[in-house]
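Colleague: Provided herewith is a single structure, encoded as structure tokens, for subsequent inquiry.
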Ligand SMILES: NC(=O)c1ccc[n+]([C@@H]2O[C@H](COP(=O)([O-])OP(=O)(O)OC[C@H]3O[C@@H](n4cnc5c(N)ncnc54)[C@H](OP(=O)(O)O)[C@@H]3O)[C@@H](O)[C@H]2O)c1
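In the working numbering, the protein residues as written are 23 to 248.
See below:
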């Protein structure tokens, strides 16, 4: 769906829609995560030539969980993937995805334990980066070790696909929270974020692709009676 034909939504509105999907309609949150991660993997596979090595940066929240699902789908499709993570997953959904990837023997690399040379080599060898560090949950200026990771991603000049929102961008204001990923493409869920309208945000999001993840958007009016 094209971004221009859709209404921009605030993070509050998106969380209300998420809650409606999970609580009112009983769609398990893990299913939304699956749909989100799969949409990201499909976007990565649209690059030409088709990438054979992808590096996924996964934060500790659900945005990271979406990135881990993308890693699984890419690995299943024969793409060589490695995941860089920042500590134990902080949500049940991302913890589950982390365990699955471990069993699949997808390399899970702790950023703080990687020597500088290894970080550089990983960034140099990959063809596409998936940025799943922060999404809607960024709540303050980006702190270490995330700042260094975002700066390294930007320095690599590799094409980046951001998950939902470029990490470090505030979804509502479009403000850069100290530092933000500069993406080639952003796969955003349900609707474009309010902050994407700001010119400063445009530089960070790149092309915005809106993905349906089974959360009914506000354009959908539910009939009370059938
Ligand atoms: N229902 C669903 O499952 C569903 C539906 C649609 C989309 N999603 C995905 O979930 C995302 C939202 O997930 P989420 O609410 O878990 O948030 P998140 O975007 O994954 O970020 C939350 C994590 O980031 C950390 N954090 C935030 N700001 C930071 C900063 N400046 N420096 C360091 N750490 C920081 C938080 O740590 P602290 O706890 O220390 O603040 C927390 O660990 C969406 O963007 C989308 O990708 C999920």
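Note that the Cβ used here is the ideal one computed from N, Cα and C, for glycine as well.
Would you be able to state if there are at least three C-beta pairs under 8 Å between the segment 186-200 and the segment 215-228?
Modeller: Yes: the two stretches touch, three or more of their Cβ pairs being nearer than 8 Å.
Colleague: Whole angstroms are fine: how far does the CA of residue 202 sit from the CA of residue 163?
Modeller: When rounded, the distance between both Cα atoms is 10 Å.
Colleague: Under 7 Å: does the beta carbon of residue 28 sit that close to some heavy atom of ligand 2?
Modeller: Among the ligands modelled here, namely ligand 1, ligand 2 does not occur.
Colleague: For the 8 Å Cβ check, are there 3 or more pairs between the segment 75-82 and the segment 111-127?
Modeller: As far as the Cβ criterion goes, the segment 75-82 touches the segment 111-127, which means the pair count is three or higher.
Colleague: In the DSSP output, which residue or residues are listed as bridge partners for residue 107?
Modeller: 80 and 132.
Colleague: Find out if the Cβ-Cβ distance for the pair residue 250, residue 133 is shorter than 8 Å.
Modeller: Outside the displayed range of the chain (23 to 248) lies residue 250, so it cannot be described from this structure.
Colleague: Could you tell me the distance, in whole angstroms, from the CA atom of residue 181 to the CA atom of residue 47?
Modeller: Distance between the alpha carbons of residue 181 and residue 47 is about 37 Å.
Colleague: In this structure, does DSSP put residue 195 in helix, strand or coil?
Modeller: In this structure, residue 195 counts as coil in the three-state DSSP scheme.
Colleague: What does the alpha-carbon distance come out to for the pair residue 73 and residue 32?
Modeller: Going from the Cα of residue 73 to the Cα of residue 32 covers about 33 Å.
Colleague: Relative to the C-alpha of residue 128, which residue among 191, 220 and 98 is closest?
Modeller: Residue 128 has its Cα closest to that of 98, out of 191, 220 and 98.
Colleague: Short check: CB of residue 209 to CB of residue 231, under 8 Å?
Modeller: Cβ atoms of residue 209 and residue 231: closer than 8 Å.
Colleague: Quick one: Cα of residue 237 to Cα of residue 179, how far?
Modeller: When rounded, the distance between both Cα atoms is 33 Å.
Colleague: In the DSSP assignment, the alpha helix (DSSP H) including residue 40 goes from what residue to what residue?
Modeller: Here the alpha helix (DSSP H) through residue 40 covers 33-41.
Colleague: Let's see if you can read the secondary structure: which residues bound the alpha helix (DSSP H) around residue 147?
Modeller: 138-147 is the extent of the alpha helix (DSSP H) around residue 147.
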